[in-house]
Every structure is written in C-alpha cells, then in structure tokens.
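Q: In my numbering, the protein residues as written are 115 to 324. Here a beta-carbon is modelled for each residue, glycine too, at the ideal position from N, C-alpha and C. Have a look at the structure that comes next, please.
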C-alpha cells in the first residue's frame with residue numbers, strides 16, 4: 115500500500131483517529147481534496163484559505179459520530195472570536211457553490227497544471243539544470259536539485275541560491291511566486307487566460323537560474 119493507505123490501516127488496527135490536514139490540498143488537487151483524489155477517507159479533516167475563496171477561514175469536519183460530540187449537540191465546547199463570522203461564511207458559500215456548479219473546473223485546472231509542468235520541465239532540460247517539476251492537480255513546485263523530492267532529507271539538499279535567482283527573475287518580470295524553495299505554486303481558474311504569459315516568464319526565469 116501507499117503511505118496514506120498505510121496510515122489508514124494502522125489507525126484502523128489501533129483504534130486511532132486519522133486526521134487529514136487539507137489546508138493546502140483541499141479543493142486544489144480535486145473537489146474532494148487529497149482524500150478524494152487518492153481514495154482514502156479520514157476520520158477528521160481540517161481545511162482553510164481556499165475553502166472561503168481566500169478570505170481568512172478555518173474549517174474542520176468529519177464522521178457524524180465524532181462531530182456530534184461538539185457543542186451544541188455534544189459536550190465538547192469549541193468557540194473562537196471569529197467563529198461563524200458572517201463575511202467568511204458568505205464567502206465560503208459562494209466558493210463552494212461556484213465549485214459545485216462547474217463540473218469542468220478541475221479538468222481545466224488539471225490541463226493548466228499539466229501544461230505548465232511540461233513547459234517548465236522542458237526549460238530545466240534546455241538550460242542543463244538539475245531540477246524537477248512536481249505537481250498534483252493545480253499545485254506544482256520547481257525543485258532545483260538532482261533528485262525527486264520525497265522527504266525532508268531530499269528537500270534540504272535543494273539549491274537555494276538557484277531558486278533565489280529563479281524567484282527574482284520571475285518577480286522582475288511581474289510574476290510573484292511563493293518565496294520559499296519548499297512551497298507550491300497554486301493555479302486558479304482565473305489564471306487560465308494568462309497562463310501563456312506566466313509560462314513564458316517562468317521559462318525565462320529558469321534561464322536566469324542557469
């Protein structure tokens with residue numbers, strides 16, 4: 115089994131809860147997040163950010179028997195200063211309705227991600243740079259290093275100076291990337307019309323990193 119399947123099996127065997135942090139992956143790698151994409155159902159899930167269209171938000175949910183333990187249905191009290199904030203809830207409802215009403219949305223995101231992945235990988239090869247483009251759905255990262263990143267040990271060997279040249283090359287041409295070599299880029303449906311421009315800029319920025 116894969117890593118997630120192994121976690122599900124272990125938690126089942128030991129009567130433990132499996133909790134997925136989908137703050138990053140939720141609604142980005144598919145309409146049901148990573149759990150839907152990989153077919154693994156956790157007991158609880160945390161979500162944030164994109165679930166409310168970029169408005170500050172935090173959400174958790176899970177099995178009915180667990181959620182029924184939360185007040186006001188159950189004895190476990192949970193509250194926060196901004197819990198149930200009407201602006202955030204309104205933004206979240208609009209976002210979820212938009213996702214639900216557009217069945218082709220994730221096909222477009224997948225196609226945009228695949229195109230950008232292909233072009234950036236070709237640019238790395240063209241410039242003779244050791245690096246990989248790793249992508250899941252609308253999330254992708256250019257890693258400057260000789261190996262595919264599968265662990266923290268792989269990540270710490272990345273060429274940070276080369277990434278800095280790549281980042282600054284993109285920034286100087288009007289494309290703002292996450293400023294860390296370990297972070298992922300997030301594609302949105304709104305980027306579809308400017309994908310060609312962004313891809314060209316990032317190809318040039320990879321040249322700056324050579």
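Just to confirm, are residue 258 and residue 276 a CB contact at a threshold of 8 Å?
A: For residue 258 and residue 276, yes; Cβs fall inside 8 Å.
Q: Could you please give the first and the last residue of the uninterrupted alpha helix (DSSP H) stretch that includes residue 212?
A: That run of the alpha helix (DSSP H) goes 200–214.
Q: When burial is assigned at 16 or more other CB atoms within 10 Å of the CB, is residue 269 buried or exposed?
A: Classification for residue 269: exposed.
Q: Rounded to a whole number of angstroms, what is the C-alpha to C-alpha distance between residue 137 and residue 240?
A: Between residue 137 and residue 240, the C-alpha separation is close to 35 Å.
Q: Whole alpha helix (DSSP H) runs in the segment 223–286 with 4 or more residues, listed along the chain?
A: List check, alpha helix (DSSP H) in window: 266–269, 274–286.
Q: Throw me the rounded Cβ distance for the residue 288 and residue 254 pair, which I believe falls under 8 Å.
A: Not confirmed; about 19 Å, so no contact.
Q: If you follow the beta strand (DSSP E) that residue 175 is in, where does it begin and where does it stop?
A: Per DSSP, residue 175 belongs to the beta strand (DSSP E) from 172–176.
Q: Classify residue 164 as helix, strand or coil using the three-state DSSP reduction.
A: Helix, per DSSP.
Q: Can you tell me whether residue 167 is buried or exposed, with buried defined as 16 or more other CB within 10 angstroms of its CB?
A: Counting Cβ neighbours within 10 Å, residue 167 comes out buried, since at least 16 surround it.
Q: Expressed to the nearest angstrom, what Euclidean distance is found between the alpha-carbon atoms of residue 246 and residue 222?
A: Computed Cα separation, rounded: 23 Å.
Q: Quick check on the burial criterion: 16 or more other C-beta atoms within 10 angstroms. Buried or exposed for residue 292?
A: Looking at its Cβ environment, which holds fewer than 16 other Cβ atoms inside 10 Å, residue 292 is exposed.
Q: If we count the other Cβ atoms within 10 Å of its Cβ and call it buried at 16 or more, is residue 194 buried or exposed?
A: Flag for residue 194 reads exposed.
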